[in-house]
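Below: the structure, in structure tokens.
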Amino acid sequence: MSKIKLYYDTLSQPARALKLFLLVNKIPYEGIAVNLGKGEHFQPEFKKINPLKKVPVLEHNGNLIRESVGILRYLSRELDVPDHWYPKDSLQQAKVDEYLEWQHLNTRLFCAMFVHYKVLRPSFSGEPYDEKMVSY
């Protein structure tokens, strides 16, 4: 198998999900940390890897794949992973795709906002979190 590289920051939930996917499926990869907190994703070298300046990015066989859902689909098609991750049957794929397309602006958005207001903002500012911002 060709070497897989995953550009990630553990601050990114989609990047963490892909790292777990690779680990659980025992897929060897090289992890390349991109420190979002230090703005490494805005550097010219990383912009060549992803013009959108986001992680995760997967590099495989010289190709760059961006966006976590696209990466999951790609890995599921290209590698020998159990069918329950992303089914081979097109109708079952459509059912999984319904959720994958929906979750990004629903489940993930609200969880990210919760973590931002309850954990990250207080950690960086030293101020307690605002209960109104996390009680939706």
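Just so we're aligned: the sequence shown equals residues 41 to 176 in the numbering used here.
In this text, a Cβ means the ideal position worked out from N, Cα and C, and glycines have one as well.
- Between S108 and A57, the C-beta gap is smaller than 8 Å, which places the two residues in contact.
- In this model, L145 and H156 are separated by some 15 Å (Cα to Cα).
- Between I67 and L119, the CB-CB gap stays under 8 Å.
- The Cβ atoms of L51 and L76 lie closer than 8 Å to each other.
- Beta bridge pairing from DSSP links I44 with H100.
- For W125 and V159, the gap between their C-alpha atoms comes out near 30 Å.
- In the displayed model, E167 falls within coil according to three-state DSSP, outside both helix and strand.
- V95 is the residue among V95, G71, I44 whose C-alpha sits nearest the C-alpha of G79.
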